[in-house]
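Chains as they are written, first to last, in my numbering: chain A, 35 to 393; chain B, 172 to 615; chain C, 218 to 509.
Ideal Cβ placement from N, Cα and C applies to all residues, glycine included.
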Amino acid sequence: MASLPLPLAKVGRSTLWQSTLWRHLLLAVAGLVVVVLVLEGTSDFRNAQLAAMAYLGIAAGGLTVLTGLNGQISLGHGAFMAIGAYTTALLYQGTEPVLPVLGVLLAATLVALVVGAAVGVAAARLHGPYLAGATLALAIAVPGIALFFDGVLGGEQGLNVRLPEVPGWFADILFFLTAHDVSSSKYVAYIGWLSLIVTFVLLANLSRSRVGRIWRAVRDDEVAAEIAGINLGRARVLAFLVSAACAGLAGAVMAMAVRLTAPSGFTLTLSLTLLTAVVLGGLGSLLGALIGAALLTFLPQVVTGVGADLGLSDLQSAELTPLVYGLTMVLVILLAPAGIVGSVRGWWRSRAEKAHKPA
Amino acid sequence: MKRWTRTLTMVTSVVTTGAVVAACGAGSSREASGASASEVGITKSSIKIGAHFPLTGVAAPGYSEIPTGMKAYFDYVNANGGVNGRKIEFVVRDDGYNPTNTSQVTNELALKEQIFAMVGGLGTPTHAAVVDFLNSEKVPDLFVSSGALQWGDDVEAKPYTFGWQPDYESEGKIIGQYVAENMPDAKVGLFLQDDDLGRDSEKGVRQFLDKQIVAVQRYTSGNTDVAPQIAGLQAKGADLVLSFNTPSYTALSQLVSMKLNYKPKWFYANIGSDPTLVGSLLSKFSEGKVDGASPLDGVLTTEYISGVDSTDDPWVKLWQKVWDENGGKGDLTNYRVYGMAKAYAFVQALQAAGENPTRESIVKAVENWDPSTAGPELAPFRFSEESHMGISGMRIVQLEGGVSKPLTPVLVTDTGDAPIKEDTSGQGDDAPPANGIPDVKPAG
Amino acid sequence: MQQFLTTALTGLTLGFVYAAFALALVLIWRSTRIVNFAQAPMAMITTYVALVLIDAGVSYWVGFVAALVAGLVLGAVVERVFVRPVEGKSEINAVILTLGLFIVLHALAAVVFGSRYRSFPAPFGLHGFQAGELRIALTGFGIFTIVAVLVVMGLLVALFRFTDLGLKMRASAFNAEVARLLGVKVGRMLTLGWALAALVGSLSGLLIAGGSLVHPSYMDSVVVYGFVAAVLGGLDSPAGAVVGGLLLGVSLSFVSGYVGSELVALASLVILMLVLLLKPGGLFSHAAERRV
Chain A
35 MASLPLPLAK VGRSTLWQST LWRHLLLAVA GLVVVVLVLE GTSDFRNAQL
85 AAMAYLGIAA GGLTVLTGLN GQISLGHGAF MAIGAYTTAL LYQGTEPVLP
135 VLGVLLAATL VALVVGAAVG VAAARLHGPY LAGATLALAI AVPGIALFFD
185 GVLGGEQGLN VRLPEVPGWF ADILFFLTAH DVSSSKYVAY IGWLSLIVTF
235 VLLANLSRSR VGRIWRAVRD DEVAAEIAGI NLGRARVLAF LVSAACAGLA
285 GAVMAMAVRL TAPSGFTLTL SLTLLTAVVL GGLGSLLGAL IGAALLTFLP
335 QVVTGVGADL GLSDLQSAEL TPLVYGLTMV LVILLAPAGI VGSVRGWWRS
385 RAEKAHKPA
Chain B
172 MKRWTRTLTM VTSVVTTGAV VAACGAGSSR EASGASASEV GITKSSIKIG
222 AHFPLTGVAA PGYSEIPTGM KAYFDYVNAN GGVNGRKIEF VVRDDGYNPT
272 NTSQVTNELA LKEQIFAMVG GLGTPTHAAV VDFLNSEKVP DLFVSSGALQ
322 WGDDVEAKPY TFGWQPDYES EGKIIGQYVA ENMPDAKVGL FLQDDDLGRD
372 SEKGVRQFLD KQIVAVQRYT SGNTDVAPQI AGLQAKGADL VLSFNTPSYT
422 ALSQLVSMKL NYKPKWFYAN IGSDPTLVGS LLSKFSEGKV DGASPLDGVL
472 TTEYISGVDS TDDPWVKLWQ KVWDENGGKG DLTNYRVYGM AKAYAFVQAL
522 QAAGENPTRE SIVKAVENWD PSTAGPELAP FRFSEESHMG ISGMRIVQLE
572 GGVSKPLTPV LVTDTGDAPI KEDTSGQGDD APPANGIPDV KPAG
Chain C
218 MQQFLTTALT GLTLGFVYAA FALALVLIWR STRIVNFAQA PMAMITTYVA
268 LVLIDAGVSY WVGFVAALVA GLVLGAVVER VFVRPVEGKS EINAVILTLG
318 LFIVLHALAA VVFGSRYRSF PAPFGLHGFQ AGELRIALTG FGIFTIVAVL
368 VVMGLLVALF RFTDLGLKMR ASAFNAEVAR LLGVKVGRML TLGWALAALV
418 GSLSGLLIAG GSLVHPSYMD SVVVYGFVAA VLGGLDSPAG AVVGGLLLGV
468 SLSFVSGYVG SELVALASLV ILMLVLLLKP GGLFSHAAER RV
């Protein structure tokens, strides 16, 4: 949300608006209102889709911070999602879960953060294609661990995750606000979107803070940053672990939304999909990550429909979606490396500058 | 400042609108939600059911033909007036044998397509991912296309789920006893899919063969390199391999054995033993140098419905007629027969559920299934209020030139230490009604 | 003994395929400083070209040659159309571009050829040999695999060592500016480099497919193993890539046979990280450490 409504950010004159933290909190509250309205206004099936959008958004948000702000690439974020999801599955199954939902989410985030720190230490010494290759290997290696330790991790069949029970106070609040009962799938969607809002506020503040400036400095010019006294390694590791923690949280929400954690959920495709979301939206922009996640969630239906109209079989039209993703990714890199949000923002800025010049 | 106020006004108005919308909803929604749940997916003239199948991926060869068989039979019934005037609409979604996808397509089937029931959802790891969800949504989950125990052995936890084919533990027991009696000196190796399919059948086999087993190897579905597993069986000197795997892995295991010059006696469980399919996969690998189904000659397997090779069987004649009239491309195969037999059972259940079936009444109807009802299964169903297990038994056969030769009569048993007996119900000798559509009276 | 021999021979055969794939990656890295992650689906597409022809009734060998030619063309097209604009620009953009192509080719194959698993023929026997009591898990096709990779390597060495064209390609890769001053058409040489690399990649695709199942993602893990093999050899050295491929093939085969096939990918990750962190220039580097 660092980059959310630019027009809003520019017109803000009040001191409240000028304070980054307050601005982000205000946006978060507005976001919350929109979330409640949308979730209450749509069917259970749409809720389930929106839950998917939420976890993709969280993971993409973390990845965009890593790639866009710090210049590190990771094709292995699916692996961190797997770590978060397996943590969730282990802590949240059967009739007597070990922890409440919030505890599970935090635990998943924490475990992914620790693993992310370990991987980050190694990753900080690599760059470009080497880092890409190493994280690619990570993405395909992690599901194998779940298969190997099938006694604990459930093997191919995976671990079932219980549907979280809607707590009474939550149902009461929502009933008071909306006069609707909360189904489990709706509750999961709320969990996802609340997690997303919290994550995005934290990430937005982080990227506006000194840490964020250091990350950008490292990305833009390593040598200059080093001369300025920045510890390159530490900055890189920090960015990596923040990003991995987001992926872990996303994995936790995914486990609850899919109700299952199995190796088949964490294929190479997932990691590449996250990268797609980040590239589509524009590297480094949280709003872009959200738009990317929305495209990933809702574009398939549109594209599949078009495919069916063109006379393709169901199976063929289902494959049109990745085709569109891939092509867009290639085109974005060739024509508009700043992504959707970056390009729009660039266009907006140049327009604003023109408008201001006469004055 | 001006634009800022404008934005604020906008936000406020959105919130207000939302509150008003919400307020309008108050009072009316709370009661209305549960009332019509049991009529989901059913109208005066139609009933919508659905299932997930692997139409792509490693499990697709063979299994992707099952829904085509089911659909052909439903079309046949629809062409003859449907069930109580309702046409059966069958929605199939591809999950690629990937449990995570199964979860997503089942969301779509239950919440978006609003199916009345899931019928024949395929696969052990895949269906395990959605069975809790279907039960919590109270969607009847009939005749799962897998023999895992969990569909039928815990009625309290899964009141809406029913098995169909013999469970893998019973199959393991019947195979185990046959081997113990007829090949007491064999050094037995197990080749298992690494999920409930492998685990349940191993449990059954071990009841009789615990001492004879010299090696156990497991493969993960999706990993097509099984050389290490086969080499492991070979290294332990297994001379009889009992395999519980999907059809592609029958072909792969044969192929790897050729490469390793490993020639044990093979005993494939029913789900992986279709000679036509395996033969076609194998003959292409070797560009015709391994011909047709011959590599499976002499292989032992089991059978609980008559296959396409029994051309004189009255049920197979019916399936042939249905396929000729309503089938799509290709020939009648054992997988299509499987699908039609299952579709037949669903039509029986739907008739038993009464004039105006509800989700509850169809569950009741299947629980009160009359075991003497004529059907294609060789042994009767075990459905009751205590057990949702499917067909109770099977016979052991040997494949010769693509045709199965019975080695035993139909043997029936149950899970646990239930004895294995010869079936005396005559279920294997009945024939379909002349018009090919069951006529079951509504239950109770 | 039997299992040891079987595991080693399986690994060796696979190692030759990884070597070929690693070689393809190295050829591209040397000329354009790009790791072509799209190499795997490119090889997959060309294998499908062969499969379609073979299914249509032509001989295996016609399909084989057609796939190699298709690889040559595909490599050239990809370089000219997609890669040229990002050459020499930000590393991340090149990586994302090849991954985009990865996704595109995958989806294209699924739309055009379907995503079913299809069996792919092998031109030689799939029976192993028997020497007395000892079974030798080396099939006719396995021997063909080894010979085919060796022949291609020999041809590449001959091209680079003994021909004028090879010299120009080496010059362009070594120093594009100087080569240009000397009148070498550098752009054309780069295209040719990509085309040759894609041809070698196609070969490895055909060899993996032989006597096995083909589907749009059947090469996906190979790109990782090929990359690890190439890094083992230093990413810059064709000879290193070959040795790296063989080493990796045999080690992974032992992990698979004695520990568990599920951990093969993890083992490759561990090998990769060890090399990158301890000997970033590859196993055979003498020169000063290079940033990776």
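DSSP beta-bridge partners for residue i?
| i | result |
| --- | --- |
| B:P577 | B:V568 |
| B:F362 | B:Q388 and B:S414 |
| B:R257 | B:V254 |
| B:F552 | B:I562 |
| A:N194 | A:L294 |
| B:E593 | B:L582 |
| B:L313 | B:V290 |
Which two residues bound the contiguous alpha helix (DSSP H) that contains residue i?
| i | result |
| --- | --- |
| B:E474 | That residue, B:E474, is in no alpha helix (DSSP H); its beta strand (DSSP E) goes L471 to E474. |
| B:Q400 | A398 to A406 |
| A:N239 | S218 to R242 |
| B:W494 | P485 to N497 |
| A:G137 | V135 to A157 |
Under the three-state reduction of DSSP, which class applies to residue i: helix, strand or coil?
| i | result |
| --- | --- |
| A:L344 | coil |
| B:E352 | helix |
| B:D601 | coil |
| A:Y120 | helix |
| B:A197 | Low confidence applies to B:A197: its pLDDT is 40, below 50, so where it sits in the model is not reliable, and the reading given next is rough at best. Of the three classes helix, strand and coil, the one that applies to B:A197 here is coil, per DSSP. |
| B:Y331 | coil |
| C:L409 | helix |
| A:V99 | helix |
| B:H223 | strand |
| B:S207 | For B:S207, the pLDDT reaches just 47, beneath the cut-off of 50, and the residue's location in the model is therefore unreliable, leaving the point undetermined. |
| C:F330 | helix |
| C:R352 | strand |
| B:I213 | strand |
| B:G228 | strand |
Mind checking whether residue i and residue j have CB atoms under 8 Å apart?
| i | j | result |
| --- | --- | --- |
| B:L578 | B:I591 | no |
| B:E340 | B:S372 | yes |
| A:M115 | C:I313 | no |
| B:T595 | A:A296 | no |
| C:M436 | C:A260 | yes |
| B:G221 | B:V262 | yes |
| A:M223 | A:L59 | Note that residue 223 of chain A corresponds to Ala in the displayed sequence, not to Met. Taking 8 Å as the Cβ cut-off, A:A223 and A:L59 do not qualify as a contacting pair. |
| A:A94 | A:A291 | no |
| B:R530 | B:P238 | no |
| B:A516 | B:A614 | no |
Can you tell me where the beta strand (DSSP E) with residue i in it begins and where it stops?
| i | result |
| --- | --- |
| C:A431 | Inspection of the sequence shows that residue 431 of chain C is occupied by Val rather than by Ala. From DSSP, the beta strand (DSSP E) with C:V431 extends over S429 to V431. |
| C:S336 | R335 to F337 |
| B:Y439 | K436 to Y439 |
Under 7 Å from any heavy atom of the ligand ADP, does the C-beta of residue i make it?
| i | result |
| --- | --- |
| A:A93 | Summarising the ligand content, the structure contains no ligands, and the ligand ADP is consequently not present. |
#### Entry: Under 9 Å (Cβ pairs) to chain A, residues found in the segment 494 to 521 of chain B
Hits within the stretch: zero.
Report task. Give the residues from the segment 145 to 165 of chain A that approach chain C closer than 8 Å (Cβ to any Cβ), ordered along the chain. Result -> Those would be A156, R159, L160, H161, G162, P163 and Y164, in chain order.
>> Which residues of the segment 438 to 464 of chain C have a Cβ closer than 8 Å to any Cβ of chain A? Give them in chain order.
In response: Cβ contacts with chain A come from S438, V440, V441, F444, V445 and V448.
Exercise for the section: Check each residue of the segment 275 to 291 of chain B: if its Cβ is closer than 8 Å to any Cβ of chain A, include it; give the result in chain order. Expected result: For the segment 275 to 291 of chain B, which is checked against every Cβ of chain A, the residues closer than 8 Å are Q275, N278, E279, L282 and K283.
Counting only Cβ-Cβ distances shorter than 7 Å, please list the residues of the segment 282 to 310 of chain A near chain B, keeping chain order. Along the segment 282 to 310 of chain A, going in chain order, the ones with a CB nearer than 7 Å to a CB of chain B are V292, R293, L294, A296, S298 and G299.
**Q.** Residues within the segment 185 to 219 of chain A neighbouring chain B, beta-carbon criterion of under 7 Å
**A.** The segment 185 to 219 of chain A vs chain B, Cβ under 7 Å: G189, E190, Q191, G192, N194, L197, L211, T212, A213, H214 and D215.
| query | When Cβ atoms are compared, which residues of the segment 401 to 424 of chain B fall closer than 8 Å to chain C? | reply | Considering only beta carbons, the part of the segment 401 to 424 of chain B lying closer than 8 Å to chain C consists of A402, G403, Q405, A406, S419, A422 and L423, in chain order.
Closer than 9 Å between beta carbons: that is the criterion. Which residues of the segment 429 to 443 of chain B meet it against chain C? Here the close residues are M429, K430, L431, N432 and Y433.
Against chain B, which members of the segment 346 to 363 of chain C pass a CB distance test of less than 7 Å? Here the close residues are Q347, R352, A354 and T356.
- Item | Contact list for the segment 303 to 314 of chain B against chain A, Cβ threshold 8 Å | Going along the segment 303 to 314 of chain B in chain order, one finds D303, F304 and S307 with a Cβ nearer than 8 Å to chain A.
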